[in-house]
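For reference, the structure discussed in these notes is given below.
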Amino acid sequence: MATRAPFLSTRYGGYYHREIPQEDAELTRIGPGTPCGEYLRRFWQPVTFSDDLKDLPVALKILGEELVAFRDFSDRIGLVEAHCPHRGTSLEFGLVSEKGIRCCYHGWLFDVDGTILETPGEPEDSTLKDRLCHGAYPTHEYNGIVFAYMGPPDQMPPFPLFDSYEREGYRMIPGKKYDYPCNWLQILENAMDPVHTSFLHTIVSGSQFTEEFGVIPELDFIETPAGMIYIATRRMGDNVWVRMVENIMPNLQQVAPIWETGQDPHEFDGPMMSRWIVPQDDTHTMLLEFRHISVTDESTPAWWADREQMLPAQLPITENLEDQQRQPSDYEAQVSQRPIAIHGMEHLGATDRGITMFRKLVKNGIQAVQEGRDPDALSRDEKPQSTYCNDTVVYSPAVGSAEEDIKSIRDIGRKLAEDYISNPPLAK
Ligand code: FES
Ligand SMILES: [Fe+2]
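First residue of the sequence shown? That's 1 in UniProt numbering, and the numbers climb one at a time after it.
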């Protein structure tokens, strides 16, 4: 099987596209034992919102594994393999108990750590429950989201904190969940592709964000200690608006406000959200977000503080195909790249440097795990990790020719990013 489709140079040459290359399995397959699946399992992953855990268990699929989450009546959270180790009934139908969860079929009772507490039908003197454990994962509840660590127990890192979580003048709330029926990688790549905000979100679909997003930015990309940022720099009259959006490896993104206009000069203004892109299986992915809300001024629109409100342009506008064709969102753009986008059929251009850089970082992480090292972004430090997503607007009127101005705004963007990386503005 060819790894790349031929570069078609014949008009009416569809016929020459005979073989469809396979997807890049190393970067896209996330099940147990796959290179990328093992990499992702080294990091704490969000699995559900805290308030989804009521009196009934919740069935989840995370990293290709069927799981059940519950909160027992002692207020402890469990995340266990869905299928009962007795004869496989799903604990989705289990009875949440004072301590743990009980299988509905024959009543075996499991503690949150997988200890089998009772096997009611077995003889009194049976030692089965003392010898066997049910599969379970450690969880950590933080600010309304339940996280789990699904990697090797002896490699578990501390729960990671980021400096954007405790930003002065801001509070953080859990937001929405979005489900995309496609592979995780193409969703994360979208965040490192700022040209789509000008084209898809402004020119094609009408201003889904502010009008100013329609100005095609000057682009730059730079690695950070925990991942990478794009630097999108636009001239806005006498101002230069620098927007930096961040991917923190492997699957957390921080996005700068979509309500920025670049009209008023201001210093570093951090993310509107921190959002995880969690693979459920190879072709289904969920997005879970924390929203950052200003408590000191009106800079955050009221709708963003309302959890019922969706971020615009993420999901189809209606269920009607014609509406979707007339006003496509991120969902249509990314899901239609195929269930798993095929890299061997792409033709990457100059604006895709962010995509290439991100794939390289994923590869580096996979390789580190294969070599028995911690991936770069994995911190074993209890201190919050530095992050860099922001908008900055600088007063800097244009001088010289159009080309000179382009060079000067690029330099402004690059210099700001480098300064932030050497001196993280949110670090305490
Ligand atoms: S299948 Fe669960 S207790 Fe028998
Ligand atoms: Fe988008």
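Virtual Cβ for every residue (Gly too), placed ideally from N, Cα, C.
Nothing here was measured: the structure is a model prediction, and the numbers come from that model.
Between the region 183 to 190 and the region 311 to 326, the count of C-beta pairs closer than 8 Å stays below three; the two stretches do not touch. Rounded to the nearest angstrom, the gap between the Cα atoms of Gln280 and Pro265 is 41 Å. DSSP places Ala148 in the strand class (E or B) of the three-state scheme.
Residue environment: Ala302 is assigned as exposed (fewer than 16 neighbouring CB atoms within 10 Å of its CB, all protein chains considered). Comparing alpha carbon positions, the residue from Glu23, Gln22, Tyr39 closest to Ile30 is Tyr39. Neighbourhood of ligand 1, defined by CB distance below 5 Å to any of its heavy atoms: Cys84, His86, Arg87, Thr89, Cys103, Tyr105, His106, Trp108, in chain order.
In this structure, Leu53 lies away from Leu60, with their beta-carbon atoms at least 7 Å apart.
Around Lys363, the same chain offers Glu26, Leu27 as residues with beta carbons nearer than 8 Å, after the five sequence neighbours per side are excluded.
Membership of Thr392 in the beta strand (DSSP E) is indicated by the continuous run 390 to 395. Counted as a single uninterrupted DSSP element, the stretch harbouring Leu79 is not any alpha helix (DSSP H) but the beta strand (DSSP E) occupying residues 77 to 81. Boundaries of the alpha helix (DSSP H) harbouring Lys363: 353 to 370, taken from the DSSP string. For the set Pro174, Val399, His83, Gln155, the Cα lying nearest the Cα of Gly135 is the one of His83.
Excluding residues up to 5 positions away in sequence, Gln186 lie with their Cβ nearer than 6 Å to the Cβ of Ala341 in the same chain. Here Gln155 has Arg42 as same chain residues with Cβ atoms under 7 Å from its own Cβ, once five neighbours each way along the sequence are excluded.
Lys54 carries a coil assignment under DSSP once its states are collapsed to helix, strand and coil. Asp330 has its CB nearer than 6 Å to a heavy atom of ligand 2. Only residues of its own chain outside the window of five on either side were considered, and among them Ala5 have a CB closer than 6 Å to the CB of Met345, listed in chain order.
Assigned with DSSP and collapsed to three states, Tyr142 falls in strand. Contact between the region 240 to 254 and the region 409 to 416 is present: three or more C-beta pairs spanning the two stretches fall below 8 Å. Cβ-Cβ separation between Gln385 and Asp163: approximately 7 Å, consistent with a contact (criterion under 8 Å). Looking at the DSSP output, Trp241 shares a beta bridge with Arg234, Val393.
In the structure shown, Asn183 adopts coil according to DSSP, grouped into three states. Between Gly94 and Cys103, the CB-CB gap stays under 7 Å. Between Asp269 and Asp391, the C-beta spacing is below 7 Å.
Distance from the CA of Met236 to the CA of Glu212, rounded to the nearest whole angstrom, comes to 8 Å. In the structure shown, the three-state DSSP call for Ala69 is strand.
Within the region 272 to 330, the complete alpha helix (DSSP H) segments at least 4 residues long are 321 to 326, listed from N- to C-terminus. In this structure, DSSP gives Pro46 an extended state, which the three-state scheme calls strand.
Shown here, Ser205 sits in coil according to DSSP, grouped into three states, outside any helix or strand. Taking each of Ile421, Leu56, Glu81, Phe199 in turn and checking the Cα distance to Glu65, the smallest one comes out for Glu81. Per DSSP, Val195 lies in no beta strand (DSSP E); the unbroken alpha helix (DSSP H) holding it starts and ends at 195 to 198. Between Arg171 and Val295, the C-beta spacing is below 7 Å. Minimum Cα-Cα distance from Val47 among the listed residues Gly33, Arg373, Thr139 corresponds to Thr139. Around the C-beta of Ala402, fewer than 16 other C-beta atoms lie within 10 Å, and the residue is accordingly described as exposed.
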